[in-house]
Amino acid sequence: MKIINQEKYVILADEQDDISDFASFLEYQIPKKFKGQNVVVDLLKYQKLTLQELLKFLNVSNLHRKTKHSFVLVNSAINPDVIPMEMIVVPTLQEASDIVDMEEVERDLGF
-17 MKIINQEKYV
-7 ILADEQDDIS
3 DFASFLEYQI
13 PKKFKGQNVV
23 VDLLKYQKLT
33 LQELLKFLNV
43 SNLHRKTKHS
53 FVLVNSAINP
63 DVIPMEMIVV
73 PTLQEASDIV
83 DMEEVERDLG
93 F
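Numbering (my numbering), first residue to last: -17 to 93.
Now the structure itself:
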């Protein structure tokens, strides 16, 4: 796994080519190593991502967001109309950064 630390969040990217293993790995790693951090998961290399593959991240997304921290997936291949409302998926890393900033402001305001 490739880890890139930013000021307000950490970017996690898969260095292998198995999205199912990556999703399982993150489900184990995020609560232990990235607790208390905003997380951006870079899935840009998966240009043929399916909804079923994306849904493998739903559990870790829900668990991490319950801790009042951002969890944003980045992928431009999936149709935004099929993404469940409880998941945040954006097409670029810049948009992921913007989402983290917005959610930080919302939390500061008590939302």
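Every residue gets a Cβ at the ideal spot worked out from N, C-alpha and C, and that includes glycine.
Reference I12; option with closest CA among N41, D63, F93: Counting from 1 along the sequence shown, the entry for residue 12 is found at position 30. The residue with the shortest Cα to Cα distance from I12 is N41.
With 16 other Cβ atoms within 10 Å as the buried cut-off, status of E85: The residue given as residue 85 occupies position 103 in the sequence shown. Result: buried.
Local Cβ density within 10 Å of D(-4), reported as buried at 16 or more and exposed below that: For the purposes of this step, residue -4 is taken as the residue at position 14 of the sequence shown. Buried, because 16 or more other Cβ atoms sit within 10 Å of the Cβ of D(-4).
Contacts around L31, its chain only, beta-carbon distance under 8 Å, and the 5 residues preceding and following it disregarded: Reading the sequence shown from its first residue, position 49 is the one you call residue 31. For L31, where only same-chain residues beyond five positions count, the Cβ hits under 8 Å are I1, L25, N57, A59, I60.
Between the CA atoms of V21 and L36 - distance to the nearest angstrom: As a working mapping, residue 36 is identified with position 54 in the sequence shown. As a working mapping, residue 21 is identified with position 39 in the sequence shown. Computed Cα separation, rounded: 16 Å.
Residues that N61 bridges to, as DSSP identifies them: Against the sequence shown, residue 61 aligns to sequence position 79. Secondary-structure assignment with DSSP links N61 through no beta bridge to anything.
Residue nearest to F39 in terms of C-alpha spacing, selected from K14, V72, F4: Your numbering for residue 39 matches position 57 in the sequence shown. Nearest of K14, V72, F4 to F39, Cα basis: F4.
Close beta carbons around L33, own chain, < 7 Å, minus the five adjacent residues each side: Reading the sequence shown from its first residue, position 51 is the one you call residue 33. Apart from sequence neighbours up to five positions away, the residues of its chain that approach L33 with a beta-carbon distance below 7 Å are I60, V64, ordered along the chain.
Same chain, Cβ closer than 8 Å to L75, neighbours up to 5 away in sequence not counted: The residue given as residue 75 occupies position 93 in the sequence shown. The residues are I(-7), V22, D24, L26, V56.
Range covered by the beta strand (DSSP E) that runs through L33: Indexing the sequence shown from 1 puts residue 33 at position 51. Where L33 is concerned, there is no enclosing beta strand (DSSP E), although the alpha helix (DSSP H) it sits in stretches over 33 to 36.
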